[in-house]
Structures are given as structure tokens and as C-alpha cells.
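The structure appears below as C-alpha cells.
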Amino acid sequence: MRSLPPSPVRFEHLTDGLGIGTGTPRLSWVPAPEAGDQHAYEVEVERRGHTYRTGRVAGADHVLVAWPDTPLASREPAVVRVRTWSASVDEPSAWSGPSTVEAGLLTAGDWAAVPVGADWDEDPAAERRPARVRRHFRTDDRPVERARLYITAHGLYEAEINGTRVGDEAIDLGWTVYLHRLRYRTHDVTALLTPGANTIGAWLGDGWYRGKYGFDGGTRNIYGTDQSLIAQLEITYTDGTTTVIPTDDTWHAAVGPILTSGLYEGEHFDARLDEPHWATPTAPSDGWTPVRTGTRDPATLVAPEGPPVRCTEEIRPVSVTRTEDGRHLLDFGQNLVGRLRVTTDGPAGTTLTLRHAEVLQDGELATRPLREAHATDTLVLPGTGPYTWEPRFTLHGFRYAEITGWHGDLTPGAVTARVHHTDMRRTGSFECSDPMVNRLHENVLWSMRGNFVDIPTDCPQRDERLGWTGDIQVFAPTATFLYDCAGMLDSWLADVALEQLPDGTIPWYVPVIPGEPMWTPIQPGAAWGDVATLTPWALHQRFGDLDLLRRHYPMGKRWVDLVERLAGPDRLWNTGFQLGDWLDPAAPPDDPAAGRTDRHLVATGYFAHSARHLARAAHALGHTDDATTYGTLADEITTAFQNAYVRPDGHMTSDSPTAYALAIAFDLLDERRRQAAGDRLAHLVEQERARIATGFVGTPLICDALTDTGHLDTAYRLLLQTDCPSWLYTVTMGATTIWERWDGLGPDGTLNPGGMTSFNHYALGAVADWLHRVVGGITVTEPGATALAFRPRPGGGITWARTRYETPHGTAALFWETTADGMKAEITVPPNCTAVVELPGHRPDRIAPGTHILHSTDLLRRIVSEA
């Protein structure tokens, strides 16, 4: 009897293989858990009317397996299936379901399109009215086999064919270092064409390309002044002939009903000016003029490496309050990133104003933390009956919204918050017996969703929203557990490498845009620059992508080489501008970098940590000489660190929790002084009554440092503290996301007076990685999750926890609960993984793939299902 089939094949780190940017996409599948360990596989590729099979290939490989056939040509599709063999069954499994992959435009010569946009005078220093562009065309009478739209823009776009929207992506195609890399997307639009007359058109928006963006209200025209569409519609008929309709001088442009649009400002839409059928063959031609054409090097057009931004959830308000002056205040119960969709009616010219904020102050929207991000959308009604609208080219961070000008009653369902973020596949979950810890974990999850909007941002609401390198560096282990973010972060790291300065300096944020004097000129900074070494390694650990590690290795090497030059022969990085333990609660409001910890201690510690990880990457990639060189360098830095910053009794020269946590977590101490440092760290935590005394650097490390030096109870005290500053203080204050500052709201609800107060900032949520590994009990111990440890360490009165992680090999899960006589645990090990279980009070024990129920009192194992 044939075993169950493996999962359908996935290509690279994408959920959809349409328009893939390589002719040799790697293949991944998950063996059926019931089939046991995979011992061999066979891949089938159907293309051009022929079938190619690899034959039986011995081995357990099923993650990012090399493309088995000759490379795909541009536009070429293929259908791929796989079947597997296990040790317990002689016959192969049933074939997986078919998966289709289709190459995009792989060479510059495939492109005929040029940028097209409005050909009227504009003031580049002012807000400009977005254009719409379109072209009428005809299809032949012959049957259409397929039609593909390859599309991108200088700015943002939303395309239509014959009045129907193309795709469901939002703020497409996101933000890259546009001058070097501009993504394009491939759409299957076969079903949207009709015989004879057709029309293709697109709404345009400024976005990051020429919109106002950055600090102090932002800078315009960062990448250019044109707002242009670049698109190529290719129609293939059943007889094999093809018609190409590129953007060129045959297109026309006109102003649309969007009067202004900005990522910070919001959108102003006058529905009276809209012609709903503007992108159809029968639309009037009044006001449409020939486009202005531009230039673009097609070699800079690249296919996406990760999923797009989409609406992933809709939330209705939990309360609606009408003020005395007729405004409506809506609470959605969750701080989120997205925009409102409204359905309303009223006389022509009725103006609705939609404002957004994360928190309230004295019953009103607290907009001061938004700084110059006005976050205001405006709709002018057409007066033709019920009208449904949401903005196109803006996103806001908010829990609360205020609507002014609503005509009549605001009924349930009339206003919906639509949540937007990069549409990544969820891979990890956690819950336990403590509801407040569960809320904390949900807050981490929501902050990741709100800040993974094409790039990993620091905050989604104010006039910033930048790809800060330090934030994602500390959060990457948490992010890679919660979601399959490999493709998205791989793409962003490619931009980090492009923005790396010739001397090896990594910018504070990527993409780089004009900033405040503090960030200009760009200087190398520890923890932030170390994203070049630590984040590629974190991705490799979770996803097992050696090619990803190889692509980003040169960037990491340039970074470590730079710091080595700055440190000099004494191996101490004690020069230059550093952020240190950013936002230590003890730091003064006007200098968030001036915490309790010597900034150069932090810098040297990170220097050692990066050198060690670079050596590990070199070893994994087979760079033997580099592995030796950087391993030796890491040893030398460690010795220098000990001599400079660690006293003989194990106390640090900076007697701060971050100093001890960093030294312990980065393995910078010998065993004798390590234990002394751990004891001192625990004492400092107890001295602060388990209130947080760490910033962006120390907070992700402190619970592990306590745990690993025998102070698990103190780590739990720190986790469960509810006084400010603490993780659960924010929960007691009603937080539904992670705050930038521990005291964003005072106990009386007063807003922090600082000019930097975000209520959606994921960095301090990096503690969730400790929740997953220590409370939840699942640790990845080998790259690609080929080896796992199930090692729950309960404490703090938590009586049970449930953790689940979708590894590249299948589901890993652990449910444990304390009983009157010990601990009971149910463990699931995915196929093709080795695993170790260690219940409290017992030595580690190996377990096989399958599901196991264990009890710590007698270690009696009952196999529920065994491979």
C-alpha cells in the first residue's frame, strides 16, 4: 500500500511560483508525517509537452533541493511533483499534488516597457495630484491561451483591466534601493481579457519613491520626481503567436479622484470626480492626454523574493462613541497597521475626515507621538447612494479612529479596519497557563505584523517607519520562529549590502534616506551594524538556506574587517559614535543612548560575537581559512574584553544588568567568572525588584543569561513583574502591541512627554524567543531545524505551556503540564529530524520522529505514533 504523499512542492521561499526570478528554482516539500523519515525521492517536471523524471534519488534532502532539469527560460512554465520512499515501505508514496512554477522576465532584453506618467507641469516641492494612466487595445479573434502582466512603478500602482482590479496586493511593490533594485510582479490576467476591445489602466501613487518620507516631516523626491508605470502585457494565443503591449508613448494620462496621497499624510479622495469605468473600452476620453515617457535600466528590474503586502484580516470596532459635536470615536480593541473601509451615504459634497492614533489622551486621539505624520484620510461623497471606499496608497498605525462628517447613524459594519502586512506564512505559536503572558506574546505577534510591511520597520505610525538594522538584528530569532520571513528578509538584506559603504560601514537604517544630523554622516555602530553577520545566521538556523548565507557572507566579512581595523591590535572597539544599550530606562529623555552600560563595552562584546558568527558561517560554507582566521580573532577579542571590562571577581566595570547579560549570553567569560557574573546579575535584578533595567541590547539577552547561570526563578520574576518598567506593566496598561518605551504611558495614563514614543515597536518583544525556548521548551540546535531539543523549564507558577513550530521538515510541538508528581509532556518530532528531550530533573534522552507522551516521574514512554 502506498504511503501518503508529501506536501506540494514550494519554490525558493515563495508561496506562489508565478513570475519567479530564477531559471533554476530550488524545491522544498514536507514528507507526510505518517510516512516516517524520507530515505529517497523522485521529482517529476512537466514542461513543453515533455516529462522529465530524476529517477529515485537516495537521501533525506527535501529542503531547497537543487532544480533537477535544465534551466527555465523567461516566461516558461513547468509543473512539478514529487514522491518519496521511507525505510518502512518498499513502494514510493503517492505523488504530491502538482505545483506550477513559471519564470518571469529573466533578462533585460525581455523588457520593451518604459516608464510612463503624466505629461503636465508639477511643482516637485509640493504635494502633487496622482495620475491614472491607461491604454485601449484589441485582442485578435483567435483564442487566448494565456496572458501575463509584468508590472512595477516609480512609486506605487494599482492596475485594472476592463474595470476589474488586477491582484490583491497593497502598496505594491514595496520599498527597495530603487536605483539598484526595483521589483516587478507577474500577474495571470488571462481571465480578464475579452475578445475585441480591451483597456488596461493603473492608478499611481507617490509612495516611497517621490512622496514625503523620513524625519522632521520627511523629504520629497528621494529617488526621483516622476510618477510612472512600467508594465508589459503579453498575450499568447493558442497558435503560439504573442502580442506585447508595453507602456510606451501610445498610453494616455489623466488626473483621477485622488487629490493627494502620502504614506504619512493619508489620502484625499473626491468621489465626485471618479469615473468608475475609466479603465474600460467605453470610458470617455475627455481630459486624457499623451503620457510622458522616461527611462529605466531594465537590468535593475527584479522579481520578488518574498510575499507581498496584503490585507490579512478585518476587524470591526469594539465600541463607537459619538461626541457632543457630532464626531464618532471608534475603538478597534487592537493596535494595528492598515486602513479603514467605510460604507456610507450622504448628499454630494459631504466630506468625511478619518483620523487615526494608537492611544487616547483625555478621551481624544493622542496625535502628538505621530509627529508630522498626519494620518488623515478624507472622502468626499458623490451623492449617488451608498458608497464604499478605502484608501489605496497609505497605511496607518492605529487602534483608535475619529470620523468627522458622518451623515446619519454609524451602524455596525459600516466601518472596518483592514489589517495589512507582508503576507508571510505563520510558523510558530505559543500559549501558557498565564493569561498575561499570553497577551504579551500576542503583543509581540501584532508588533511583528505591523512592522513587517515589505521591510522590517521600527514603527508603523509616526514620521519614521524605517528599516532600522539594530531592531531586526535583536528580533530576528523571534521573527523566524513566528513566521516564514526568509524571503522578505533575504530581499531586505540584499538592500543592506547595496547600502553598505565601501569601507564596510552598515547604515543605521536601510534603505538609506536623508536623516537627522545624528545619523549623518553614516558611522559604524555596534548592534546595528552587526545585522550583517547575525541576521543571515539566524535565517540559516531556522530555514537551512546555505545559499542565503553565502550571498550575504561578503557583507558580514566586510563589516567584521572594518571593526577589526577600528579596534586595532588591542582588539577593543573603543572609538566612534555608539548607541550602546539604546533606551535603557535610566537614560535621560534627551539622550536615549546614555544608559548604565559603557557603550564601548557593548561595542567590543558585539565585535567578538560577530567575529564568532562569521567564523561559523565560514565553516558552514567551507571557507576553512576564514573559519580559522575569524575564530582566532573572536578568541583574541574575548581575551581583550575580559582584560578590559571584567574584574578578577567576575564583576564588570559597568556594573549594569546589560553588561553582565551581554558577557554571559555572548560567551565572553571563563567558567569561574561566568558564574560570578550570573550571580551578580541576579543580585542586580533583585535589587531593582525585578523591574527592567535594560534597553534594546540587554533586554533580549537578560532572561537567557539568568537561566544559563542557574537563576531561572529570577528570570521568571523579571518576566512576570507588573510594575513599570516591565513587559507586563504594558499589559496592565491595556497594551496590544510592544511599546518603544517602557513608560510610554504612565500609571495614570499620561502620555510620555518625549518626542519618540511609539506604541508599536517590536525590539523589546525579543523576549518571545526565550518564551519559545525556555517556557515553551522547543530549541533549534542545528541549521534548518534538522536537530531539535525539547527542554521545558517551568517556573513562575506557570503550570502548562503549548508551543508549536512548523519546521522545514514538518510540525514540531510540545505540550507540557505540571502534575502532582512531576511533569507530563506530549512531544511531536517531525520526520528527518533528530531530537533530544530533557524533562526537569532528568538527563537528556534521544527520541525518534513521531508523537510521544512522557512522564517525568518514571520516564515511562508510550509511543502514540512512531516512524
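Residue numbering for the sequence shown follows the numbering used here, beginning at 307 and increasing consecutively.
For each residue, glycine too, the CB sits at the ideal point set by N, CA and C.
Predicted, not measured: the structure shown is a model, and the values here were computed from it.
Beta-carbon proximity list for Ala1173, same chain, < 7 Å, skipping 5 on both sides: For Ala1173, the pLDDT reaches just 36, beneath the cut-off of 50, and the residue's location in the model is therefore unreliable, although a value from the coordinates is still provided. Excluding positions up to five away in sequence, the list reads Gly342, Asp343, Pro1137, Ala1154, Pro1155 and Gly1156.
Taking Leu1077 as the reference, which of Thr784, Thr1036 and Leu885 has the closest Cα? Thr784
Taking DSSP's pairing of strands, which residues face Ile1133 in a bridge? Leu1120 and His1158
List, from N- to C-terminal side, the beta strand (DSSP E) runs of 3 residues or more that fit wholly inside the segment 728 to 794. 734 to 738
Pairs of beta-carbons, one from the segment 1090 to 1097 and one from the segment 914 to 934, closer than 8 Å: are there three or more? Contact between the segment 1090 to 1097 and the segment 914 to 934 is absent, because fewer than three Cβ pairs lie under 8 Å.
Here's a check: name, in chain order, each residue in its chain whose Cβ is nearer than 6 Å to the Cβ of Gly469, leaving out the five neighbours to either side. Scanning its chain for C-beta atoms nearer than 6 Å, with the 5 sequence neighbours on each side dropped, one finds around Gly469 the residues His583, Ala585 and Thr586, in chain order.
When the Cα of Phe787 is compared with those of Asp961, Thr1117, Asn527 and Phe1065, which residue comes out closest? That would be Thr1117, whose Cα lies nearest to the Cα of Phe787.
Here's a check: name, in chain order, each residue in its chain whose Cβ is nearer than 8 Å to the Cβ of Pro1100, leaving out the five neighbours to either side. Val1081, Ala1107, Trp1122, Thr1124, Met1129 and Pro1146
Apart from the five residues just before and just after Ala940, which ones in its own chain have a Cβ nearer than 7 Å to its Cβ? Ala914, Ala917, Arg918 and Ala921
Nearest by alpha-carbon distance to Glu466: which of Trp481, Asp1010, Leu510 and Gly480 is it? Leu510
Mapping the DSSP letters down to three states, classify Asp478 as helix, strand or coil. strand
Three-pair Cβ contact test at 8 Å for the segment 730 to 739 versus the segment 626 to 641: As far as the Cβ criterion goes, the segment 730 to 739 does not touch the segment 626 to 641, which means the pair count is below three.
What residues match up with Thr1125 in a beta bridge as DSSP calls it? Gly1128
Would you call Glu620 buried or exposed, if buried means 16 or more other Cβ atoms sit within 10 Å of its Cβ? Counting Cβ neighbours within 10 Å, Glu620 comes out exposed, since fewer than 16 surround it.
Using beta-carbon positions only, say whether Ala437 and Ala559 come within less than 7 Å of one another. yes
Looking only at its chain, what residues have a beta carbon closer than 7 Å to the beta carbon of Pro1114, apart from the 5 residues adjacent to it on each side? Ser334, Val369, Phe849, Gly850, Gly1090 and Ala1091
Take Cys293 and list the residues in its own chain whose beta-carbon comes closer than 8 Å to its own, dropping the five residues that flank it on each side. Any answer about residue 293 is impossible in this case: the structure gives the chain only from 307 up to 1173.
Could you compute how far the alpha carbon of Leu1166 sits from the alpha carbon of Ala899? Reliability fails at Leu1166, whose pLDDT of 43 lies under 50, so the model's placement of it is uncertain and the value that follows must be treated cautiously. Within the model, the alpha-carbon separation for Leu1166 versus Ala899 is close to 53 Å.
Quick check on the DSSP output: the alpha helix (DSSP H) that includes Ser916 runs from which residue to which? Start and end: Arg905 to Leu927.
Among Tyr789, Gly776 and Leu772, whose alpha-carbon lies nearest the alpha-carbon of Trp752? Tyr789
When the Cα atoms are used, what is the spatial distance from Val665 to Phe704? Rounded to the nearest angstrom, the two C-alpha atoms are 8 Å apart.
So, helix, strand or coil for Val1170, using DSSP? Residue placement at Val1170 cannot be trusted, given a pLDDT of 38 that sits under 50; the coordinates are not used to answer.
Quick one, are the C-beta atoms of Gln779 and Thr728 less than 7 Å apart? No, the pair does not count as a contact, with Cβ atoms beyond the cut-off.
If you follow the alpha helix (DSSP H) that Cys1009 is in, where does it begin and where does it stop? Thr1005 to Asp1014
DSSP state of Val388 mapped onto helix, strand, coil: strand
Do you know whose CA, among Pro891, Leu878, Thr1043 and Asp651, lies nearest Cys1030's CA? Pro891
Classify Val837 as helix, strand or coil using the three-state DSSP reduction. helix
Backbone CA spacing between Arg353 and Pro383 [nearest angstrom]: 7 Å
Check for me: the alpha helix (DSSP H) holding Ile998 runs from which residue to which? Ile998 -> no alpha helix (DSSP H), and no H or E assigned at all.
C-alpha gap between Ile1169 and Glu1132, whole angstroms: Note on Ile1169: pLDDT 37, under 50, position unreliable in the model; no value is reported.
Based on Cα-Cα distance, which residue from Asp904, Ala983, Asp427 and Leu658 lies nearest to Thr1013? Ala983
Hey, is the segment 369 to 381 in contact with the segment 345 to 359, meaning 3+ C-beta pairs nearer than 8 Å? yes
Please report the distance separating the alpha-carbon of Leu829 from that of Glu1112. One point to set straight first is that residue 829 is Gln, not Leu, in the sequence displayed. So the two alpha carbons sit approximately 39 Å from each other.
What's the call for Val550, buried or exposed, on a 16-neighbour Cβ count within 10 Å? exposed
Confirm, please, whether the CB-CB distance from Gly652 to Leu687 is below 7 Å. yes
Is it buried or exposed, Ser1162, if we count other Cβ atoms within 10 angstroms and call 16 or more buried? buried
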